[in-house]
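Just below is one structure, and these are the notes that go with it.
Protein chains: 4
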Amino acid sequence: MRNVFKFFQIALLSLPLLAMRQDKPLRVIFFGDSITQAGVGPTGYITQVGEMLKTKGQAGQFELIGAGIGGNKVYDLYLRLEDDVLSKKPDVVFIYIGINDVWHKASSGTGTDLDKYVKFYEAIIRKLKAQNIRVILCTPTVIGERNDNSNQQDGDLNQYAKTIRDIAARNSLQLCDLRKYFADYLVQNNPENKEKGILTSDRVHLTEFGNKFLAEKMLDALLQK
Amino acid sequence: MRNVFKFFQIALLSLPLLAMRQDKPLRVIFFGDSITQAGVGPTGYITQVGEMLKTKGQAGQFELIGAGIGGNKVYDLYLRLEDDVLSKKPDVVFIYIGINDVWHKASSGTGTDLDKYVKFYEAIIRKLKAQNIRVILCTPTVIGERNDNSNQQDGDLNQYAKTIRDIAARNSLQLCDLRKYFADYLVQNNPENKEKGILTSDRVHLTEFGNKFLAEKMLDALLQK
Amino acid sequence: MRNVFKFFQIALLSLPLLAMRQDKPLRVIFFGDSITQAGVGPTGYITQVGEMLKTKGQAGQFELIGAGIGGNKVYDLYLRLEDDVLSKKPDVVFIYIGINDVWHKASSGTGTDLDKYVKFYEAIIRKLKAQNIRVILCTPTVIGERNDNSNQQDGDLNQYAKTIRDIAARNSLQLCDLRKYFADYLVQNNPENKEKGILTSDRVHLTEFGNKFLAEKMLDALLQK
Amino acid sequence: MRNVFKFFQIALLSLPLLAMRQDKPLRVIFFGDSITQAGVGPTGYITQVGEMLKTKGQAGQFELIGAGIGGNKVYDLYLRLEDDVLSKKPDVVFIYIGINDVWHKASSGTGTDLDKYVKFYEAIIRKLKAQNIRVILCTPTVIGERNDNSNQQDGDLNQYAKTIRDIAARNSLQLCDLRKYFADYLVQNNPENKEKGILTSDRVHLTEFGNKFLAEKMLDALLQK
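Protein chains in written order, with full-length UniProt numbering: chain C, 1 to 225; chain P, 1 to 225; chain F, 1 to 225; chain B, 1 to 225.
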């Protein structure tokens with residue numbers, strides 16, 4: 001009898017815990033630019049992460065939220081951090097930003113200097129860490145798919161990617177090294193050294209397959225412990 | 001008797017108020033870029049505002065603080081707003097930013113798009129107004145002193161200046177229209193249409209006389225009611 | 001008798017001259033960029049100059065040739081001067097170049113420095129004058145139709161236009177001051193200070209009306225003596 | 001007697017020919033930008049090629065001429081080709097241009113689009129080949145000495161270098177692949193991955209050692225048959 005009581009006691013105590021694990025999925029925000037904005041589309045990478053989780057029977061454990069706005073640079077993320085991320089109380093935030101910071105230097109004269117990029121990037125991290133949010137840093141993917149470092153912005157993208165790797169190391173944060181994954185893939189799978197058409201449709205934005213490729217990497221990072 | 005008591009009561013209540021008016025000068029922060037950073041130098045414009053106030057016997061009424069950092073654009077001000085301005089509890093803040101936002105487009109590909117400029121500018125204003133701080137908006141001065149709109153960045157500077165005038169009107173804020181003051185002065189006082197050497201030493205940064213000219217305009221704005 | 005002989009002598013001498021005036025129309029080449037490339041379209045400015053000449057009954061006196069290529073800057077004109085102009089032995093050449101030299105600074109980082117612009121411009125002029133070709137210099141029109149010098153490139157365009165006026169004066173060449181004509185028109189006819197839609201469809205390329213306006217100015221310059 | 005006379009006659013006729021072969025060294029022009037302009041300085045690469053030839057006892061066989069002007073891009077070479085190269089009737093011309101074509105995109109918005117770069121490059125080659133001049137094409141060296149393709153302009157420089165290799169192949173011209181030589185050297189000899197200080201003093205312009213390294217490569221190319 002006593003044991004039975006004890007059992008019930010434990011069961012009762014456990015209920016909220018079980019409930020929490022069942023009812024409250026991990027809230028994951030993908031924070032970025034137009035690639036992330038498109039990520040919630042029918043074939044977008046966030047949608048595909050969701051489908052992959054469904055296949056794994058883990059759909060209920062995660063709530064995926066896209067917070068991408070086209071044309072965004074690192075300082076735009078900083079400006080809308082409160083409204084679009086912190087106010088939503090996420091458990092995990094992917095930061096995937098940098099392509100426009102580099103690209104807009106050439107296309108409109110309004111890119112972001114590397115030192116300022118770092119300043120805003122780290123300011124975002126500080127605010128997320130202050131809320132005990134798990135932060136995953138993504139290196140910028142590509143502007144052009146040539147696999148021999150001959151796309152116009154390759155030098156700059158390599159530099160910004162290295163910097164993000166340093167920031168991750170310095171802050172003991174998880175890294176999702178997208179630029180490396182893309183580069184490795186393109187060395188193997190772009191024999192004609194084309195500028196686009198493999199993972200991107202226009203040198204930057206992802207094809208359905210590119211979204212799938214990205215989704216796999218994001219999912220790996222998310223599930224990694 | 002009762003009236004006497006009341007009188008004393010009022011007097012006692014007024015004391016701290018009177019004291020405050022005498023003891024606590026108005027704290028004024030000049031928030032900007034390299035021009036403002038140089039403004040606290042021996043002949044800088046902030047120093048000269050201080051000297052002008054001394055001459056007027058009003059030195060004790062104002063505490064002038066320079067918060068300028070070279071190379072700053074509007075988003076840099078936003079990033080350091082808390083640390084360099086709000087934490088100091090100012091009564092008045094001059095915002096004098098925009099030259100690098102325009103200039104860096106051509107010089108390093110890292111200027112600021114006008115729509116982003118407005119977004120950050122208004123975000124700064126909102127945070128200042130939330131603290132009941134009196135805000136004075138300054139239009140950007142010059143990049144080149146030619147007086148016929150033939151300096152490379154004149155079109156862009158005119159556009160950003162117009163936008164600041166609109167922001168001031170929209171938010172019912174005081175405007176210190178430096179670009180107009182400089183333009184009017186140069187029409188009268190640059191007969192050879194030189195690029196520099198009148199108010200600036202290098203097309204942007206101010207000569208001692210340029211600092212004096214600016215100081216007069218800032219002082220007028222500060223004392224204006 | 002002596003007088004009769006003299007009369008015949010004059011008549012004989014005049015014959016080739018008359019013949020030349022009747023048989024050989026003045027060959028006019030418009031040498032420029034995309035605006036000139038579009039100039040030979042159904043409503044393009046060169047086509048409209050042709051129609052205006054027809055109305056005046058002077059169509060037979062002029063042969064109009066468009067030599068415009070989209071994206072061209074002054075050095076592109078220099079590169080194709082022999083093939084596209086000199087080899088055609090024109091009598092008159094309009095040089096209408098400069099918009100891309102300014103515009104591409106911001107849009108792709110590949111504009112033309114003013115000093116180089118002058119060098120190539122004058123090199124073109126020298127080669128044309130060496131063939132006794134009548135040269136008419138056109139100032140660049142607009143990038144944006146705002147009438148208060150607040151289009152991004154206005155400062156630069158004003159600078160390049162001034163430089164062309166100087167080149168014309170220095171070389172005693174005819175000037176067709178298109179930028180001034182456009183500016184004057186827009187002050188009168190753009191009360192809402194719109195960026196486009198008056199003379200241009202997209203801030204740069206001309207509407208049918210813009211082409212007509214340009215055609216009138218080109219025709220005036222051509223017929224001016 | 002007659003034969004003797006004939007012999008002398010032949011000998012006399014041959015003398016100038018022999019003399020010419022001995023007295024008239026191969027005239028070599030180095031055609032380029034500021035690096036080539038500095039190349040004729042006391043420790044410049046052209047000066048060092050001369051000294052290397054002296055050591056080899058071949059100084060008399062070559063006349064080395066520097067034709068470099070700071071800030072030059074490919075179209076500047078085209079503009080001064082007649083005056084600075086063709087008029088001097090060279091036997092060999094090194095074309096070493098491209099750094100400013102890439103660099104000025106970011107530093108002043110006045111770089112050269114790749115397609116235009118090719119057009120002017122090939123126009124120069126055509127004019128040189130029409131005079132039967134031996135042409136040696138040099139790929140652009142570096143803007144920054146990091147050895148992992150993370151200098152800002154590496155992508156663009158790699159692209160322009162590849163293009164020059166293609167032009168050389170297409171036109172069956174000799175290539176002096178400076179960018180490859182520099183890259184290979186820096187992989188071996190820049191263990192700290194520094195931006196400058198190995199072959200360059202400022203990321204672009206050569207140290208004395210950099211000039212020596214370049215001189216060796218130029219000499220190899222010159223003597224190669």
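Virtual Cβ for every residue (Gly too), placed ideally from N, Cα, C.
1) Could you compute how far the alpha carbon of Trp103 of chain P sits from the alpha carbon of Ile143 of chain P?
2) Please classify Gln174 of chain C: does DSSP put it in a helix, a strand, or coil?
3) What does Gly109 of chain F touch in chain C if you count any residue whose Cβ is under 7 Å from its own?
4) Return the chain-ordered list of same chain residues with a C-beta closer than 8 Å to the C-beta of Asn149 of chain C, the five sequence neighbours on each side being excluded.
5) Determine contact between the stretch 43 to 59 of chain F and the stretch 214 to 222 of chain P, defined as no fewer than three beta-carbon pairs at a distance below 8 Å.
6) How big is the Cα-Cα spacing for Ala168 of chain F and Asp101 of chain C?
7) Following the continuous beta strand (DSSP E) through Ile29 of chain P, name the residue where it begins and the one where it ends.
8) Give a yes or no on whether the minimum CB-CB distance between Asn151 of chain C and chain B is below 9 Å.
9) For Lys225 of chain B, does the three-state DSSP call read helix, strand or coil?
10) Could you pull the start and end residues of the alpha helix (DSSP H) that Gly50 of chain P belongs to?
11) Determine the burial state of Asp33 of chain P: buried for a count of at least 16 other Cβ atoms within 10 Å of its Cβ, exposed for fewer.
12) Mind pulling the chain C residues with CB within less than 7 Å of Tyr121 of chain P?
13) Give me the chain C residues within the contact set of Gly155 of chain B, using Cβ-Cβ distance strictly less than 9 Å, ordered along the chain.
14) Between which two residues does the alpha helix (DSSP H) carrying Ile65 of chain F extend?
15) Any beta carbon from chain B within less than 9 Å of Leu79 of chain F's own beta carbon?
16) Consider the Cβ of Ser14 of chain C: report whether some Cβ of chain P lies at a distance smaller than 9 Å.
17) Thr163 of chain C touches chain P at which residues, Cβ-Cβ below 8 Å?
18) Report all residues from its chain with a CB closer than 7 Å to the CB of Asn190 of chain P; omit the five preceding and five following residues, and keep chain order.
19) Starting from the C-beta of Pro90 of chain C, find all residues in its chain whose C-beta is less than 8 Å away, skip the five residues before and the five after it, and write them out in chain order.
20) For Ala130 of chain B, does the count of other Cβ atoms within 10 angstroms reach 16, so buried, or fall short, so exposed?
21) Going by beta carbon distance, what residues of the same chain come within less than 6 Å of Lys6 of chain P, once the five residues before and after it are set aside?
22) Compute the distance between the beta-carbons of Ile95 of chain P and Ile136 of chain P, then report whether it is under 9 Å.
23) With burial defined as no fewer than 16 other Cβ atoms inside 10 Å of the residue's Cβ, what is the status of Arg126 of chain B: buried or exposed?
24) Quick check on Lys116 of chain C - is its C-beta less than 9 Å from some C-beta in chain P?
25) Inspect the beta-carbon positions of Tyr181 of chain P and Phe209 of chain P and report whether they are closer than 9 Å.
26) Leu81 of chain C lies in the alpha helix (DSSP H); which residues open and close that run?
27) Quick check on this structure: which residue in F:Leu206, F:Glu122 and F:Leu223 has the alpha carbon closest to the alpha carbon of Ser172 of chain F?
28) Around the Cβ of Phe8 of chain C, are there at least 16 other Cβ atoms within 10 angstroms (buried) or fewer (exposed)?
29) For Thr139 of chain F, collect the residues of the same chain with a Cβ closer than 6 Å to its Cβ; drop the 5 residues on either side in sequence, then sort them by chain order.
30) Rounded to whole angstroms, how far is the Cβ of Gly70 of chain C from the Cβ of Gln37 of chain C, which I believe are closer than 8 Å?
31) So the alpha helix (DSSP H) Val102 of chain P belongs to, where does it begin and stop?
32) Using a Cβ cut-off of 9 Å (strictly closer), state whether Thr112 of chain P contacts chain C.
33) Between Tyr75 of chain F and chain A, is there a C-beta pair that is closer than 9 Å?
34) Where does Leu206 of chain P sit, in a helix, a strand or coil, going by DSSP?
35) Looking at Leu128 of chain P and Val93 of chain P, is the spacing between their C-beta atoms short of 9 Å?
36) Since I believe Ile124 of chain C is in contact with Leu77 of chain C (beta carbons under 8 Å), could you give me their beta-carbon distance rounded to a whole number of angstroms?
Judging by the given coordinates:
1) 8 Å
2) strand
3) Ala106
4) Gly155 and Asn158
5) no
6) 43 Å
7) Leu26 to Gly32
8) yes
9) coil
10) Tyr45 to Thr55
11) buried
12) Per Cβ cutoff of 7 Å: no residues; Tyr121 of chain P is ~11 Å from chain C at best.
13) Ile143, Gly144, Arg146, Asn149, Ser150, Asn151, Gln152, Gln153, Asp154, Gly155, Asp156, Leu157 and Asn158
14) First-last for Ile65 of chain F: Phe62 to Gly68, but that is the beta strand (DSSP E), not the alpha helix (DSSP H).
15) yes
16) Below a pLDDT of 50, predicted positions are generally treated as unreliable, and Ser14 of chain C, at 45, falls in that range; the measurement from the model is reported next regardless. Cβ-Cβ to chain P under 9 Å: no for Ser14 of chain C.
17) Going along chain P, no residue has its Cβ under 8 Å from Thr163 of chain C, so there is no contact; the nearest lies around 15 Å.
18) Glu145, Asn147 and Ile198
19) Arg27, Val28, Ile29, Ile65 and Ile133
20) exposed
21) Confidence is the limiting factor: at Lys6 of chain P the pLDDT is only 46, short of 50, which leaves the residue's position unreliable and the question unanswerable from this model.
22) yes
23) exposed
24) yes
25) no
26) Leu81 to Asp84
27) F:Glu122
28) Model confidence at Phe8 of chain C stands at a pLDDT of 45, short of 50, so the residue's coordinates are unreliable and nothing is read from them.
29) Ala161, Ile164, Asp177, Leu178 and Arg179
30) 5 Å
31) Ile99 to Ser107
32) yes
33) Within the model displayed, chain A is absent; protein chains C, P, F and B are what it includes.
34) strand
35) yes
36) 6 Å
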